[in-house]
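Novice:
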Amino acid sequence: MNVCVVGAGVVGLTTALELQSELRNANVTVLADRFEQDTCSDVAAGLFRPGTSFSGPTEEITSRTHYPKVENGVLHYSKAPPQSPWPPDVSG
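Take the sequence shown: its position 75, counted from the start at 1, is 75 in the UniProt record's numbering, and no numbers get skipped.
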């Protein structure tokens, strides 16, 4: 299987690493216009939060209808991840 990830910022490289980890036999290629230390975007991932990005009838209704859609991510990211071995190797 061939997989192409477009972008070499934080999200693109993380996606490529996760894909390679999950799909061991895949050929993962990262496509970007630059591969330098200054490739991170100012607004990586365009975060979506229902409380600030959605205007519903009431906050209660908005929470009730949108929380189930993001619950898995909220629960996943509420725990601190294990320390990665690579931060000392990153410049900048």
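For each residue, glycine too, the CB sits at the ideal point set by N, CA and C. Computed from a prediction, not measured in an experiment: that's the story for all the values here.
Reducing DSSP to helix, strand and coil, say where Leu31 ends up.
Specialist: Looking at Leu31 - three-state DSSP - the assignment turns out to be strand.
Novice: Tell me where the beta strand (DSSP E) around Val3 begins and ends.
Specialist: Residues 2-6.
Novice: In terms of residues, what are the limits of the alpha helix (DSSP H) holding Thr15?
Specialist: Taken as a continuous stretch (DSSP letters only), the alpha helix (DSSP H) holding Thr15 covers 10-22.
Novice: DSSP on Val70, reduced to helix/strand/coil?
Specialist: DSSP places Val70 in helix when its eight states are reduced to three.
Novice: Answer yes or no: do Cys4 and Leu23 have a C-beta to C-beta separation smaller than 7 Å?
Specialist: Going by C-beta atoms, Cys4 is not nearer than 7 Å to Leu23.
Novice: Which of helix, strand or coil does DSSP assign to Thr58?
Specialist: Reduced to three states, the DSSP call for Thr58 is coil.
Novice: Just the C-alpha distance for Ala6 and Gly12, rounded to the nearest angstrom, thanks.
Specialist: In the sequence as presented, Ala is not what sits at residue 6; that position holds Val. Their backbone Cα atoms lie some 7 Å apart in a straight line.
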